[in-house]
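Taking it in order: structure first as structure tokens, then the write-up.
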Amino acid sequence: MGEVTGLPRSAPQQRQRGASPRRKAVEHPGRFAIVAGGLMLVATLVAMTVGTADTSDVRSALPNQVKGVSPQQGAIVPPQEQVRIDLRDDLVADLRVCDQSGRCRDIPFDQLDFVKALGQLAFRPGDGKELERWEPGRNDVTVTYRSQADPAQDNGTYTWWFVSKS
């Protein structure tokens, strides 16, 4: 008889061999919380990085009148690299180049390769031209564009730069 209840004592139940004890769903809740929190932090950082990545195209900063330029802004080029400007088809432009010392030169129109129907201009430095080569360092190119039919229309400027390694 049990001393407290007055009921007969029952024999302790023995476990069956091979049966495993019942386990908790999470054995170490503190450790689980730390790992889960760390994974959430990593996932949040990855999501923020992907969401704020700068995938903008440099061409998106061009005015509507300029379709494209080459070399691209900030590019490193050899001393006799060709500069190309693709304007809207009905435009023409003048070109001015300034080196890093501040010395500027206007490129004569007869030294430019101009495709009138496409509005494309190109200049490559060389012998007998205004520039024989790009000056070492930063070179700023300013395009002053205007309408081929009416120079008072659609006029404006666009400037970009590149670096020459001479």
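Numbering (this note's numbering) for the sequence shown: -1 to 164.
All residues carry an ideal CB built from backbone N, CA and C; glycine is no exception.
Worksheet item: Where does Ala45 sit, in a helix, a strand or coil, going by DSSP?
Response: Ala45 carries a helical assignment under DSSP once its states are collapsed to helix, strand and coil.
Item to complete: Mind checking who Phe160 pairs with in its DSSP beta bridge?
Response: Residue pairing by DSSP puts Phe160 in a beta bridge opposite Asn137.
Fill in: Bridge-paired residues (DSSP) for Arg144
Listed as beta-bridge partners of Arg144 by DSSP are Val90.
Item to complete: Rounded to whole angstroms, what's the CA-CA distance from Cys96 to Arg103? Just pull it up for me.
Response: Straight-line Cα distance between these residues: approximately 6 Å.
Worksheet item: Which residues in the same chain have their Cβ closer than 8 Å to the Cβ of Lys163, if we skip the five residues on either side of it in sequence?
Response: Closer than 8 Å at the Cβ level, and outside the excluded window around Lys163, lie Ile74, Val75, Pro76, Pro77 and Pro134.
Worksheet item: Mind checking whether Arg82 and Ala115 have CB atoms under 7 Å apart?
Response: Cβ atoms of Arg82 and Ala115: not closer than 7 Å.
Worksheet item: Where does Arg29 sit, in a helix, a strand or coil, going by DSSP?
Response: Here Arg29 carries a helix assignment [DSSP, helix/strand/coil].
Discussion item. Helix, strand or coil, according to DSSP, for Asp111 in the structure here?
Written reply: Looking at Asp111 - three-state DSSP - the assignment turns out to be strand.
Discussion item. Please report the distance separating the alpha-carbon of Val56 from that of Trp159.
Written reply: Since pLDDT at Val56 reaches only 48, below the 50 mark, its modelled position is unreliable, and no value is offered.
Fill in: Leu37 (DSSP reduced to helix, strand or coil)
In the three-state scheme derived from DSSP, where H, G and I count as helix and E and B as strand, Leu37 is classed as helix.
Item to complete: Would you mind sorting Leu39 into buried or exposed? The rule is 16 or more other CB atoms within 10 Å of its CB.
Response: Exposure of Leu39 is indicated by the presence of fewer than 16 other C-beta atoms within 10 angstroms of its C-beta.
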